[in-house]
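Which chain is which? The protein sequence lines are A and B, in order. Adding 82 to a residue's 1-based position in the first sequence gives its number in my numbering. Adding 6 to a residue's 1-based position in the second sequence gives its number in my numbering.
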Amino acid sequence: DAGITQSPRHKVTETGTPVTLRCHQTENHRYMYWYRQDPGHGLRLIHYSYGVKDTDKGEVSDGYSVSRSKTEDFLLTLESATSSQTSVYFCAVSGTRGETQYFGPGTRLLVL
Amino acid sequence: GNSVTQMEGPVTLSEEAFLTINCTYTATGYPSLFWYVQYPGEGLQLLLKATKADDKGSNKGFEATYRKETTSFHLEKGSVQVSDSAVYFCALSSGSNYQLIWGAGTKLIIKP
Chain A
83 DAGITQSPRH KVTETGTPVT LRCHQTENHR YMYWYRQDPG HGLRLIHYSY
133 GVKDTDKGEV SDGYSVSRSK TEDFLLTLES ATSSQTSVYF CAVSGTRGET
183 QYFGPGTRLL VL
Chain B
7 GNSVTQMEGP VTLSEEAFLT INCTYTATGY PSLFWYVQYP GEGLQLLLKA
57 TKADDKGSNK GFEATYRKET TSFHLEKGSV QVSDSAVYFC ALSSGSNYQL
107 IWGAGTKLII KP
């Protein structure tokens, strides 16, 4: 257990509204990741962070932004939610590059 | 580029049957290989891993051997239980950046 929490766990929102998901970790892992999981697509990386204020894009970053102002928090923002962003979002952390990742419990987002 | 290919599911077995879930990969260098499991409604958790050729990862009765000659990391278990019903993901570390490369996942259903 890497002490990862995600909030909220469930959210329903309307198209065009901003949404922020939070990932919080308690064990000082350097690397943090945001994934989305959709049927038929497995896990797809949205953005990742390799340190405070150091972030980069993953394979499906369009429509998403992230911020990491503290080691323990990694925020994912949908500036203007669309129905195609309905998904389950997972945060993950790792202590070293490319090695074991530990996952949070997920956030289920529904965009109407 | 690097990629992971898993057998398509769902895989349906009876309790106490022998399980194999195939995973093959394409990668440069010497990646680490992982199997993750996702139980219904939960996040992913590491099941086992192997970091170099011929290594065998094992956990909870599951095993997988890192075969460089066949670029494979097949997951096996000698006698499955209903509680093993889950989605299983194969992944590799690309080594050149911060990401894991994921297979699409294989859903396993065990019937009593």
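Quick reminder that beta carbons are idealized off the backbone N, C-alpha and C, glycines included. Bear in mind that the values here come from a model prediction, so they are computed numbers and not experimental data.
query	result
Of the listed residues B:Glu-22, B:Gln-12, B:Glu-14, B:Pro-16, nearest to Ser-85 of chain B (C-alpha basis)	B:Glu-22
Identified DSSP bridge partners for Arg-118 of chain A	A:Arg-126, A:Tyr-171
Enclosing beta strand (DSSP E) for Asn-28 of chain B [first to last residue]	No beta strand (DSSP E) contains Asn-28 of chain B, which DSSP labels as neither H nor E.
Through-space distance from Gly-98 of chain A to Thr-182 of chain A, alpha-carbon basis	36 Å
Residue from A:Glu-154, A:Ser-143, A:Ser-151, A:Lys-152 whose Cα sits closest to the Cα of Tyr-171 of chain A	A:Ser-143
Identity of the residue in B:Thr-26, B:Ser-38, B:Gly-67 nearest Trp-6 of chain B by Cα	It is not possible to answer for residue 6 of chain B, since the shown part of chain B is limited to 7 through 118.
Where Ser-91 of chain B sits in the DSSP three-state scheme	coil
Helix, strand or coil at Lys-85 of chain B according to DSSP, with G and I counted as helix	With the sequence shown as reference, residue 85 of chain B is identified as Ser, and Lys is not the correct amino acid for it. Three-state result, Ser-85 of chain B: coil.
At least three beta-carbon pairs within less than 8 Å, the region 89–107 of chain A to the region 145–162 of chain A	yes
Cβ distance (whole Å) where Lys-113 of chain B is taken to contact Gly-15 of chain B below 8 Å	4 Å
CB of Lys-62 of chain B within 9 Å of CB of Ala-70 of chain B, strictly	yes
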